[in-house]
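Under the working numbering, think of the first position of the sequence shown as 1, with each following residue one higher. All C-beta atoms, glycine included, are put in the ideal place defined by N, C-alpha and C. Quick caveat: nothing in here was measured; it's all calculated off a predicted structure.
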Amino acid sequence: RVEVEITKLTAPSTDGFTIYLNSADVRAVARFADSHYLATSGGLLSLDHSGEVKRRYTTLDGLPDNELTSLAVFRDRLFIGTASAGLIGFDGNEFTGFRFKTPKATRVSVLAATETELLVGTLDGGLFEYDGERFTRRVSSVAGSEMNRVTALPPFASRLYIGTQDRGLLIWREAHIQRVTTTDGLPAPRVT
1 RVEVEITKLT APSTDGFTIY LNSADVRAVA RFADSHYLAT SGGLLSLDHS GEVKRRYTTL
61 DGLPDNELTS LAVFRDRLFI GTASAGLIGF DGNEFTGFRF KTPKATRVSV LAATETELLV
121 GTLDGGLFEY DGERFTRRVS SVAGSEMNRV TALPPFASRL YIGTQDRGLL IWREAHIQRV
181 TTTDGLPAPR VT
């Protein structure tokens, strides 16, 4: 069972505050609502058609963390992974926070959207699936899928490839897991 606390995120009072952040480290790019968005080490950047920064979103705008890790567009929303504050949804105007309580997870490392679900890989809670209404752990419940530290999630046809920090590569297909490790020829157990 997955328990997620969902909250509307609001900007704090910022009278007299200025924040200076380095956004040079870009972790992900996504096209959403006729703009390109960049997840960076210094917040979320929105670019105009010429590539200039149109808007920067930070904790002063309601983000719970400026250290962003991943982006994916699913069901008319931009989803944002953070290094320490879980998952964030953005509709173009407002941010919504998704905090994984059971199992506890705060470090979203990778996001991947398919036609039917958003896949959320974390470094401290494994893999979650979101269908737009509820979160599940369908893939994580399959025998042989023990994983906590997900680093990559490329879906391909009917398969899902799951890279992990320390357990090699898992290939999910038709509710079965195949594990590929160093004994199968991987040069290292870390797959990025």
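Cβ-Cβ separation, residue j to residue i (assumed contact under 8 angstroms), whole Å
i: A30; j: L71; result: 4 angstroms
i: S109; j: T122; result: 6 angstroms
Cβ neighbours of residue i in the same chain (closer than 8 angstroms, five flanking residues each side left out)
i: R167; result: E146, M147, R149, R179, T181, P189
i: R1; result: T102
i: T192; result: T151, A152, G163
i: G174; result: The sequence as given places Glu at residue 174; Gly does not occur at that position. Excluding residues within five positions, the ones whose Cβ falls inside 8 angstroms are S158.
Own chain, CB closer than 6 angstroms to residue i, minus 5 neighbours either side, in chain order
i: F95; result: L9, G62, I88
i: L38; result: V26, V29, L45
Counted within 10 angstroms of its Cβ, other Cβ atoms place residue i as buried (16 or more) or exposed
i: N93; result: exposed
i: D65; result: buried
i: I80; result: buried
i: V26; result: exposed
i: A85; result: buried
i: A11; result: exposed
Same chain only: Cβ atoms within 7 angstroms of residue i, ignoring 5 sequence neighbours per side
i: A33; result: G92
i: F74; result: A113, L118
Alpha-carbon to alpha-carbon, residue j and residue i
i: L119; j: T14; result: 34 angstroms
i: R138; j: R159; result: 14 angstroms
i: S35; j: R107; result: 26 angstroms
i: R99; j: G163; result: 23 angstroms
i: Y57; j: L44; result: 5 angstroms
i: R134; j: L68; result: 23 angstroms
i: G200; j: A83; result: The displayed coordinates of the chain run from 1 to 192. Any statement about residue 200 would go beyond what the structure contains.
i: A105; j: Y161; result: 21 angstroms
Identified DSSP bridge partners for residue i
i: R173; result: R159, H176
i: V29; result: L38
i: R1; result: DSSP output for R1 lists no bridge partner at all.
i: L113; result: According to the sequence as given, residue 113 is Ala; it is not Leu. BP columns for A113 point to L118.
i: R56; result: L45
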